[in-house]
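Working notes, beginning with the structure itself.
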Amino acid sequence: MEVYIMQIAPSILSADFGNLAEAVRVVDHAGASRIHIDVMDGLFVPNLSFGPQIVEVLRKVTDMPLEVHLMVQNPENWVEPFAEAGADVIMVHVESTPHIHRALTLINQSSAKSGVVINPGTPVSAIDMVLPIVQQVLVMTVDPGFSGQHFIPENLAKIDELVTIRDRNANLNFDIEVDGGVNAERIEAVARYGADIAVAGSAVYDGGDAAANLKHLKELIR
95 MEVYIMQIAP
105 SILSADFGNL
115 AEAVRVVDHA
125 GASRIHIDVM
135 DGLFVPNLSF
145 GPQIVEVLRK
155 VTDMPLEVHL
165 MVQNPENWVE
175 PFAEAGADVI
185 MVHVESTPHI
195 HRALTLINQS
205 SAKSGVVINP
215 GTPVSAIDMV
225 LPIVQQVLVM
235 TVDPGFSGQH
245 FIPENLAKID
255 ELVTIRDRNA
265 NLNFDIEVDG
275 GVNAERIEAV
285 ARYGADIAVA
295 GSAVYDGGDA
305 AANLKHLKEL
315 IR
């Protein structure tokens with residue numbers, strides 16, 4: 095029988111920006127499943143972060159999937175640059191564009207897999223129409239834009255809701271990912287509710303020993 099083990103995706107938003115390549119190598123060797131790259135434009139969220147060049151650099155140092163979380167206005171404009179840079183997954187917020195179906199279709203037409211993201215205040219029903227065309231659904235458990243925020247436990251119910259929807263519809267085939275405030279205290283609950291992937295930033299990179307932190311998180315969900 096196949097044993098379910100939730101994947102952990104370290105978020106480099108919490109890593110040392112001056113040495114991102116090494117930050118990725120460390121967690122790669124420690125057993126990370128993928129790398130989560132937050133892209134912010136200062137408009138959709140009040141912060142700025144990585145561009146396609148970072149993806150291009152990291153693509154050269156790891157074979158792990160690189161997932162790009164677009165927290166930007168007009169995400170359609172950024173699909174091609176990030177896909178060409180080597181992103182394996184590109185995820186867009188349903189709240190960021192009135193053309194969410196078009197944005198996801200553009201991703202599916204590229205070399206990347208598509209994902210849709212919902213903020214803490216957005217119900218799962220807001221993405222019902224696009225679930226058949228995505229490969230990932232990212233549930234935010236903090237308000238997007240900054241690392242190190244407090245987890246909003248009420249959003250765990252969305253994981254359960256998405257698991258039920260997926261199980262009842264044979265034409266749906268998406269992974270459920272959780273992002274925001276996932277740490278050693280929360281990760282067991284995230285796994286128990288049925289998430290396939292958990293993003294962990296501060297919980298991995300704070301304290302100076304990312305490898306040990308990641309291994310500890312992995313032990314908690316075995």
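Counting from 95, one number per residue, gives the positions in the sequence shown under the numbering used here. Idealized CB from N, CA, C, for every residue including glycine. Small disclaimer: the values here were computed from a predicted structure and weren't measured.
Hey, quick one: how far does the beta strand (DSSP E) through residue i stretch, first residue to last?
i: residue 115; result: That residue, residue 115, is in no beta strand (DSSP E); its alpha helix (DSSP H) goes 114-123.
Output needed for residue i: all residues of its chain with C-beta closer than 7 Å, excluding positions within five of it in sequence on either side, in chain order.
i: residue 260; result: 266, 268
i: residue 122; result: 156, 158
i: residue 95; result: With a pLDDT of only 38 at residue 95, under 50, the local geometry of the prediction cannot be trusted, and the value read off the model is given with reservation. Nothing meets the Cβ criterion.
i: residue 136; result: 142
Counting only the same chain and skipping the five closest in sequence on each side, list residues whose C-beta sits under 6 Å from that of residue i.
i: residue 252; result: 218, 233
i: residue 154; result: none
i: residue 197; result: 169, 170, 186, 191
i: residue 244; result: 275
i: residue 305; result: 120, 124
i: residue 202; result: 208
Which residues does DSSP list as the beta-bridge partners of residue i?
i: residue 209; result: 185, 230
i: residue 293; result: 103, 273
Which of the three DSSP states, helix, strand or coil, is assigned to residue i?
i: residue 285; result: helix
i: residue 214; result: coil
i: residue 201; result: helix
i: residue 263; result: coil
i: residue 244; result: coil
i: residue 222; result: helix
i: residue 96; result: For residue 96, the predicted structure reports a pLDDT of 49, less than 50, and the residue's modelled location is therefore unreliable. The matter cannot be settled from this model.
i: residue 279; result: coil
Determine the extent of the alpha helix (DSSP H) in which residue i is found, giving its start and end residues.
i: residue 313; result: 304-314
i: residue 269; result: Looking at the DSSP string, residue 269 is not in any alpha helix (DSSP H); the run it does join, the beta strand (DSSP E), is 269-273.
Can you find a CB in chain D that lies within less than 7 Å of the CB of residue i?
i: residue 298; result: Protein chain content of the structure displayed is limited to a single chain, and chain D is not contained in it.
For residue i, which residues from the same chain have a beta carbon less than 8 Å from its beta carbon, with the 5 sequence-adjacent residues on both sides left out?
i: residue 229; result: 183, 207, 208, 209, 267, 268, 269
If you scan the segment 128-180 from start to end, which runs of the beta strand (DSSP E) of 3 or more residues do you find wholly inside it?
-> If one requires a minimum length of 3 residues, the beta strand (DSSP E) runs lying completely within the segment 128-180 are 129-134, 160-165, in chain order.
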